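Worksheet for the structure shown next.
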Amino acid sequence: MTSIFLWYLTLSLLGLITFPLAFWLLPGLPDRGYALSRTLGLLMWAYVFWMLASLGVLGNNPGGLVFALIVVLILSGWAATRVGWDGFRAWWARHRGAVVVGEVLFLAAFGLMTYLRGANPDLASTEKPMELMFINSILRSPTFPPHDGWLAGYAISYYYFGYVMAAMLAMLTKVSTPVAFSLMLATVFALGGMGAWGVAYNLLASLQVGKSADQLSDEKEDAKRNTQSASLALLAPLFVLLVSNAEAFLEVLHARGIGWQNGESAFWSWLNIKDLIGPPAATFDWPPPNRGWGWWWRASRVVNDVSFSGAELEIIDEFPFFSFLLGDLHPHVLAIPFAFLAMGLALNLFLSRDAEAFNLFGFRLRLSKMTFGLAALTLGGLAFLNTWDFPIYLALFAGAYALKRAGEDGWTWSRAVEFAGLGAALGVAGVALYLPFYVGFSSQAGGFLPNLLNPTRGAHLWVMFGTLLVPLFLYLYVQWRDEGGNLRLGLGVGAGFVLLLFLLALGVGALAALTPAGQEGINLLGAPDAASFLREGMTRRVTGIAGLGTLIGLFGLAVAGWFRKEAGEEGTARPGLGVGTFAGLMILIGTLLVIGPEFVYLRDQFGWRMNTVFKFYYQTWLLWGTAAGFGAAFLLKRLRGGAQVGAGAVVVLCAGIGLLYPILGMPTRTNNFQNPWTLDGTGYSFLSGDELAAVEWLKTAPMGTLVEAVGGSYSGYARMSGHSGLPALLGWPGHEAQWRGGYEEQGTRQGDVETIYRTGSWPQTEALLRQYGVRYVVVGNLERSTYGVNETKFRRFLTPVFEQGSVVIYEFEGGDG
């Protein structure tokens, strides 16, 4: 409990320290950055520490952490003097109720995920050994860039900023890494909830005056309205973090036997979701005994792609609560709070009445230098956290700028130039601020390829996003009905955009089919020739048109209000600065992220659109979930009488369907909460008791390269380096190849490790140990079962420095320290 309290207190103090700086930097937001202050503080603290450590100014130690924190404190103190006490007091009088709601939300979210994680502190499944290795490697690295724990002699080649943050919090609070892993998951959940709530709250509070709540004059009435808005804004974190897709609802229907007769079902066959095609158990209760422990995993695989020959092509379609139930600290999860920070910055720009401008390389930017700098820091940080997110939120920020400028001067081609110009400038600045990261980073991406074969079926799209799409469509329809807009033009733009993407994909695909590589790709998908491949693709497009139809409709409604003329105005349409315009932008960006993989995907080691759908759909959930929460709150505020009751019933129905997943999934994942509660997942890892003792010894041993058994991913191999932070000669070869785009850096290491363990020749062993600078050789049951270790040479020529039970660690005195 002490660890939990210290961690929570550290985050809260960090938010308090940073709030004056957020207050000064985010004048357009009614909450003046309160909801985002913890996230902003963590970003700035981590950036100062990482950059100064990378430049050799600071060491990777507690002293360096404190120095970086003092830098943030000084900046925030300076900002406080600029704001003045009267400014804080006036804001507090209007927003104190909202602050109470926000603090209760943060505590509740942090407590919920801490409790859930303690009921299942698994450290062995999926990507957790890798993520634990990153944190431990960062903690053990004396300088930055941190060493790669699974490839000695190399720095980490991955977007590792989130793991730096986790290591910083662990180091400052003196919490063990396994406990820090659990608390970091709770941190991301709580900060993500605060971020979604903050964006929705600022949108709702801005509805009262069209721009900023600072314009309101009646302090008490304003405070009352803000507290109401803060309460309604809780719908946003509900829809983002807890509401899930409809797969659990389908599981219940399937388990109850609905739609089945004599072992056959036209509906379930048509729906075609894996493991739901076959008939359920004879007893239609929930959960039936043979439902299977892993039913909750199916919710992340509802989109179903198949090759030309009918072979299944796995598609990942995670959503936030699945990620937290799974418990991985993967980059797409660690980046969640900072995605909301980027949304908040874009909203601040959109709402800001600041008339400042500056020239950058001859390009006139109508925003302050501080706004530009903060955006570059945040967006560049997203690239370091989860590179996929960088262009997405860059587009959101530049889009908010273009919309604001359109509201001021109307729609002209200048808006497109301004969008591209700001986007390019921020892109360059964001990369420049994090340049040390890119020096050692190798991307696995190999450009974009056309997707001509597999559109997302409408049924699967609605299973995946239906709990968000219904409130979004309802909100957009009511807004269009009440405020007007050119829906026909919006739909036309959406359809034209989709047609353009289709023609581009078709043209590129046709050209590629003429090349040997393109023909080989077609053959790999099971097609005999290009003509058959394209014919099958067109057939699937036509039969699956419902998915694209849904997206075009959402596209049109989202942008319809952008082409609304102000009353009495002639000429160029001006959308004004209504917050609904910004909500429409969020919905539009999310829609484009779903449309994109319909026609193109990023080429990587998987070979099809699996990873592109995964990364794009995930950000769509954050954007649509926040907009759905805001839209639902908007409906409850705007509508009256029966319309309000009806809208409320729809929102409750969608939320109820989406909440079935966490309600049913948490007991399944946690063994009905019967496991002993602990945040230390060491007992749920691949380590035996003897190996755990060896790891504890290695944590305090002098730095050096170790050799241990090398094997496949998602296994107990590389357990010593992963848990201790000392670099192994080689860990999981497949993951290293994925991070570095190939096996070149690994060279012959895997075979050399086998030789070190198997050979009876000491000169050969010694030569390899010297070649790689090995200091420690681990011999345990895994090494013996993998290699049949010739241990005689180790006992004769090396010094055993640790020995307990079946585990021995030998030290080679000729190895590098």
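Mapping the sequence shown onto the working numbering, position 816 (from 1) lands on 823, and the numbers just tick up by one. Just so it is clear, CB atoms sit at the ideal spot from N, CA and C, and this is done for glycine as well. Note that the structure is a prediction, hence the values are computed from the model and not measured.
Between residue 10 and residue 186, the gap from beta carbon to beta carbon is short of 8 Å. Proximity of the stretch 669–684 to the stretch 510–530 falls short of the contact definition, fewer than three beta-carbon pairs being nearer than 8 Å. DSSP, reduced to helix, strand and coil, places residue 154 within a strand of the structure shown. By the 16-neighbour rule on beta-carbons within 10 angstroms, residue 322 is buried. Going by C-alpha positions, residue 164 is about 16 Å away from residue 150. Within the same chain, and ignoring the five residues on either side of residue 200 in sequence, the residues whose Cβ sits closer than 8 Å to its Cβ are 112, 113, 116, 244, 247 and 248.
Residue 432 is positioned such that its CB atom lies no closer than 8 Å to that of residue 389. Going by DSSP, residue 366 is part of the beta strand (DSSP E) stretching over 365–367. Where residue 457 is concerned, the enclosing beta strand (DSSP E) starts and stops at 455–457. In this structure, the CA atom of residue 529 is about 15 Å from the CA atom of residue 312.
Less than 8 Å divides the Cβ of residue 240 from the Cβ of residue 640. Within the model, the alpha-carbon separation for residue 270 versus residue 661 is close to 30 Å. Straight-line spacing of the CA atoms in residue 256 and residue 671 works out to 10 Å. The stretch 134–144 makes contact with the stretch 719–731, as at least three CB pairs between them are under 8 Å.
In the assembly as shown, residue 368 is an exposed residue. Its beta-carbon has fewer than 16 other beta-carbons within 10 Å. Look at residue 811 here: in three-state DSSP terms it is strand. Taken in chain order, the complete alpha helix (DSSP H) segments of 4 or more residues contained in the stretch 710–739 are 726–731. Under DSSP, residue 320 shares a beta bridge with 312. The stretch 502–509 makes no contact with the stretch 269–289, as fewer than three CB pairs between them are under 8 Å. DSSP places residue 802 in the helix class (H, G or I) of the three-state scheme. Taking a cut-off of 8 Å for Cβ pairs, the stretch 726–734 and the stretch 140–158 touch, as three or more such pairs fall below it. A straight line joining the alpha-carbon of residue 373 with that of residue 403 spans about 17 Å. Taking a contact to require three or more Cβ pairs closer than 8 Å, the stretch 334–346 and the stretch 168–175 qualify as touching. Per DSSP, the continuous beta strand (DSSP E) segment holding residue 371 begins and ends at 370–372.
Collapsing the DSSP output to three states places residue 610 in coil. Under the three-pair Cβ rule at 8 Å, the stretch 555–567 counts as touching the stretch 589–599.
Counting only residues of its own chain and dropping the five nearest sequence neighbours on each side, residue 761 has a CB closer than 7 Å to the CB of 794.
Nearest C-alpha to residue 784 among 818, 770, 803 and 627: 818. The three-state reading of DSSP puts residue 162 in strand, counting E and B together. If you look at residue 658, you'll find it in the alpha helix (DSSP H) that goes 648–676. Excluding sequence positions up to five before and after residue 310, its CB lies within less than 6 Å of the CB of 322, 324, 463 and 467, all in the same chain and listed in chain order.
8 Å or more divides the Cβ of residue 206 from the Cβ of residue 51. Taken atom to atom, the span from the alpha-carbon of residue 737 to that of residue 714 is near 8 Å. In summary, residue 499 is exposed, with fewer than 16 beta-carbon neighbours lying within 10 Å of its beta-carbon over all protein chains present. The three-state reading of DSSP puts residue 751 in coil, since its state is none of H, G, I, E or B. Rounded to the nearest angstrom, the gap between the Cα atoms of residue 605 and residue 76 is 45 Å.
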